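The next block holds one structure in the form of C-alpha coordinates; read it before the comments.
In the numbering used here, the protein residues as written are 78 to 167.
Written out as C-alpha coordinates, the structure is:
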(Lines of atoms letter the chains of each structure in order from A and count residues from 1; the text may use other names and numbers.)
(Lines give C-alpha, C1' and ligand atoms only; values in the text may rest on other atoms or scores of the structure.)
Protein backbone atom coordinates (compact mmCIF):
# COMPACT_ATOMS: atom_id res chain seq x y z
CA UNK A 1 0.00 0.00 0.00
CA UNK A 2 1.31 3.44 -0.88
CA UNK A 3 2.10 5.75 2.04
CA UNK A 4 -0.52 8.26 0.94
CA UNK A 5 -3.23 5.58 0.86
CA UNK A 6 -2.12 4.24 4.24
CA UNK A 7 -2.28 7.73 5.76
CA UNK A 8 -5.75 8.27 4.30
CA UNK A 9 -7.01 4.97 5.71
CA UNK A 10 -5.48 5.72 9.10
CA UNK A 11 -7.16 9.13 9.16
CA UNK A 12 -10.53 7.55 8.46
CA UNK A 13 -9.95 4.94 11.15
CA UNK A 14 -8.74 7.33 13.87
CA UNK A 15 -11.05 10.31 13.25
CA UNK A 16 -13.94 9.23 15.48
CA UNK A 17 -11.89 8.20 18.56
CA UNK A 18 -9.84 11.40 18.42
CA UNK A 19 -12.96 13.54 18.02
CA UNK A 20 -14.81 11.78 20.84
CA UNK A 21 -11.90 12.16 23.26
CA UNK A 22 -11.50 15.84 22.46
CA UNK A 23 -15.22 16.53 22.73
CA UNK A 24 -15.42 14.79 26.12
CA UNK A 25 -12.62 16.95 27.50
CA UNK A 26 -14.07 20.05 25.83
CA UNK A 27 -17.51 19.50 27.34
CA UNK A 28 -15.88 19.03 30.73
CA UNK A 29 -14.11 22.39 30.41
CA UNK A 30 -17.12 24.36 29.18
CA UNK A 31 -18.54 24.97 32.68
CA UNK A 32 -15.21 26.50 33.69
CA UNK A 33 -15.23 28.78 30.67
CA UNK A 34 -18.87 29.83 30.94
CA UNK A 35 -19.20 30.13 34.73
CA UNK A 36 -20.57 33.34 36.23
CA UNK A 37 -20.71 32.58 39.95
CA UNK A 38 -18.44 33.52 42.81
CA UNK A 39 -14.79 33.04 41.90
CA UNK A 40 -15.54 32.73 38.19
CA UNK A 41 -13.04 35.48 37.40
CA UNK A 42 -10.30 33.11 38.55
CA UNK A 43 -11.56 29.97 36.83
CA UNK A 44 -12.67 31.47 33.51
CA UNK A 45 -9.12 31.99 32.11
CA UNK A 46 -8.34 28.35 32.89
CA UNK A 47 -11.45 27.22 31.00
CA UNK A 48 -10.67 29.47 28.05
CA UNK A 49 -7.13 28.14 27.88
CA UNK A 50 -8.31 24.53 28.07
CA UNK A 51 -10.99 24.93 25.39
CA UNK A 52 -8.67 26.89 23.08
CA UNK A 53 -5.88 24.37 23.55
CA UNK A 54 -8.19 21.45 22.83
CA UNK A 55 -9.49 23.07 19.65
CA UNK A 56 -6.00 23.91 18.38
CA UNK A 57 -4.66 20.45 19.22
CA UNK A 58 -7.63 18.84 17.45
CA UNK A 59 -6.88 20.77 14.27
CA UNK A 60 -3.16 19.99 14.48
CA UNK A 61 -3.79 16.30 15.14
CA UNK A 62 -6.27 15.81 12.32
CA UNK A 63 -4.71 17.95 9.60
CA UNK A 64 -1.02 18.57 10.12
CA UNK A 65 0.19 15.24 11.53
CA UNK A 66 -0.69 13.21 8.39
CA UNK A 67 0.93 15.84 6.19
CA UNK A 68 4.11 15.75 8.28
CA UNK A 69 4.24 11.94 8.02
CA UNK A 70 3.92 12.18 4.25
CA UNK A 71 6.63 14.84 4.05
CA UNK A 72 9.02 12.72 6.13
CA UNK A 73 8.33 9.73 3.89
CA UNK A 74 9.10 11.78 0.79
CA UNK A 75 12.21 13.19 2.45
CA UNK A 76 13.48 9.70 3.27
CA UNK A 77 12.88 8.58 -0.33
CA UNK A 78 14.77 11.64 -1.59
CA UNK A 79 17.70 11.03 0.74
CA UNK A 80 17.85 7.33 -0.20
CA UNK A 81 17.85 8.15 -3.91
CA UNK A 82 20.38 10.96 -3.53
CA UNK A 83 22.77 9.11 -1.24
CA UNK A 84 22.57 5.38 -1.98
CA UNK A 85 23.90 3.10 0.73
CA UNK A 86 27.21 1.55 -0.22
CA UNK A 87 27.99 -1.95 0.95
CA UNK A 88 31.34 -2.48 2.64
CA UNK A 89 33.39 -5.33 1.28
CA UNK A 90 35.20 -7.40 3.90
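Don't be surprised by glycine CBs; every beta carbon is placed ideally from N, CA and C. Because the structure is a prediction, the values reported are computed rather than measured.
* Asked: residue 97 lies in the alpha helix (DSSP H); which residues open and close that run?
  -> If you number the chain shown from 1, residue 97 lands on position 20. In the DSSP assignment, residue 97 falls within the unbroken alpha helix (DSSP H) covering 80–111.
* Asked: According to DSSP, is residue 135 helix, strand or coil?
  -> One-based indexing of the chain shown puts residue 135 at position 58. In the three-state reduction of the DSSP assignment, residue 135 falls in the helix class.
* Per-residue DSSP class, three states only, for residue 115 -> If you number the chain shown from 1, residue 115 lands on position 38. In the three-state scheme derived from DSSP, where H, G and I count as helix and E and B as strand, residue 115 is classed as coil.
* By how many angstroms is the C-alpha of residue 124 removed from the C-alpha of residue 143? -> For the purposes of this step, residue 143 is taken as residue 66 along the chain shown, with counting starting at 1. For the purposes of this step, residue 124 is taken as residue 47 along the chain shown, with counting starting at 1. Using only the alpha carbons, I get a separation of about 29 angstroms.
* residue 160 in three-state terms, based on DSSP -> For the purposes of this step, residue 160 is identified with residue 83 of the chain shown, where counting begins at 1. Correct three-state label for residue 160: coil.
* Asked: From 139, 114, 146, 162, pick the residue whose C-alpha is nearest to that of residue 96; which is it?
  -> Working through the chain shown from its first residue, we reach residue 96 at position 19. Residue 139 is the option with its Cα nearest to residue 96.
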